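Residue 227, in this note's numbering, is where the sequence shown stops; the numbers in between run on with no holes. All C-beta atoms in this analysis are idealised placements derived from N, C-alpha and C, irrespective of residue type, glycine included. All values derive from a computational prediction rather than experimental measurement. Only one structure is covered here, and it is reproduced in the block below.
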Amino acid sequence: MAAPVPDGVDLRRVTAVIVNGVTAWVALHDVARLDSRDRVLVLGVTGGLGATTARMAALFPARQVIGVVGHDPDRAPAECTDVVVADALADGLDRLTPDGSVDVVIDPVGGPLRATAFQRLAPFGRHVVLGNAGRDDRPFSGDETWLATRTVSGLSIGGVAHLRPATCTGALTAVISLVARGILDEPLPAVEPLENAGKVHEALENRTAPAKTVLSVAH
Numbered sequence: 009m010a011a012p013v014p015d016g017v018d019l020r021r022v023t024a025v026i027v028n029g030v031t032a033w034v035a036l037h038d039v040a041r042l043d044s045r046d047r048v049l050v051l052g053v054t055g056g057l058g059a060t061t062a063r064m065a066a067l068f069p070a071r072q073v074i075g076v077v078g079h080d081p082d083r084a085p086a087e088c089t090d091v092v093v094a095d096a097l098a099d100g101l102d103r104l105t106p107d108g109s110v111d112v113v114i115d116p117v118g119g120p121l122r123a124t125a126f127q128r129l130a131p132f133g134r135h136v137v138l139g140n141a142g143r144d145d146r147p148f149s150g151d152e153t154w155l156a157t158r159t160v161s162g163l164s165i166g167g168v169a170h171l172r173p174a175t176c177t178g179a180l181t182a183v184i185s186l187v188a189r190g191i192l193d194e195p196l197p198a199v200e201p202l203e204n205a206g207k208v209h210e211a212l213e214n215r216t217a218p219a220k221t222v223l224s225v226a227h
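Structure (structure tokens):
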């Protein structure tokens with residue numbers, strides 16, 4: 009993928025948002041086919057991908073963007089209209105929505121949350137799997153998907169970019185434009201010199217890294 013970056017745009021912001029931004033754009037536009045009437049549930053909303061997807065869903069705009077956090081609701085992006093704690097997801101949806109259901113689930117997490125969220129999809133609801141951060145895969149029932157009139161989809165940008173380059177390049181162009189115009193307001197990433205790449209990767213593997221880290225290459 010390649011797309012021009014307008015002059016004057018902070019390259020740190022653009023670099024930090026490329027992968028998650030393109031994933032979020034394609035997930036919402038092309039996979040979930042988000043509608044302005046939709047209520048969106050974002051699992052793992054304090055993670056990099058979850059946070060970017062929540063911000064982008066709010067821009068579309070979705071009717072409601074509900075972020076799911078592990079413990080601290082204050083860590084959720086401000087763009088979320090509502091926030092629930094994972095352990096109280098079912099009760100939270102009963103409180104926040106008219107019938108306890110949502111139209112779109114964005115799921116980079118997996119595990120028990122995946123099963124709970126799927127159960128709360130409205131008819132014609134779309135569950136979009138973007139990852140398995142919890143390292144606990146949970147299967148979906150084909151019969152339940154059929155009988156409840158729900159859709160389950162997956163998206164791996166790394167696995168599809170070379171197969172659908174026009175879709176992914178279009179998403180990249182759109183994301184860069186949103187950042188350049190100040191519409192998609194992603195936090196500034198941490199910046200580390202290239203020689204610290206090993207330490208950065210170690211922090212990523214240990215899950216102690218900031219949400220976004222950019223390696224700086226000296227000219």
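Limits of the unbroken beta strand (DSSP E) element including residue i
| i | result |
| --- | --- |
| Val137 | Leu129 to Val137 |
| Glu200 | Ala198 to Pro201 |
| Thr221 | Thr221 to Ser224 |
Distance, residue j Cα to residue i Cα
| i | j | result |
| --- | --- | --- |
| Leu186 | Thr157 | 34 angstroms |
| Ala32 | Gly142 | 19 angstroms |
| Asp15 | Val117 | 36 angstroms |
| Ser224 | Asp145 | 35 angstroms |
| Gln72 | Ala174 | 30 angstroms |
| Ala11 | Ile184 | 8 angstroms |
| Gly166 | Gly58 | 17 angstroms |
| Arg262 | Leu67 | Since the first residue of the chain shown is 9 and the last is 227, residue 262 is not available in this structure. |
| Asp43 | Ser109 | 16 angstroms |
| Val155 | Ala188 | Strictly speaking, residue 155 in this sequence is Leu, with Val absent from that position. Using only the alpha carbons, I get a separation of about 44 angstroms. |
| Ala35 | Leu163 | 7 angstroms |
Which of helix, strand or coil DSSP assigns to residue i
| i | result |
| --- | --- |
| Asp80 | coil |
| Thr23 | helix |
| Arg45 | coil |
| Leu51 | coil |
| Asp111 | strand |
Beta-bridge partners of residue i, as assigned by DSSP
| i | result |
| --- | --- |
| Ser7 | Outside the modelled stretch of the chain, which goes from 9 to 227, sits residue 7, for which no answer is possible. |
Unbroken alpha helix (DSSP H) run spanning residue i, endpoints
| i | result |
| --- | --- |
| Val13 | Note, Val13: premise wrong, no alpha helix (DSSP H); not H, not E. |
Three-pair Cβ contact test at 8 angstroms for the stretch 117-126 versus the stretch 92-99
yes
Indicate whether the contact test is met: 3 or more Cβ pairs, each with one atom in the stretch 80-87 and one in the stretch 99-111, closer than 8 angstroms.
no
Mind the definition here: the stretch 127-137 touches the stretch 157-170 only if three or more C-beta pairs lie below 8 angstroms; say whether that holds.
yes
Assess, as a yes-or-no matter, whether the stretch 198-213 is touched by the stretch 56-65 under the definition of 3 or more beta carbon pairs within less than 8 angstroms.
no
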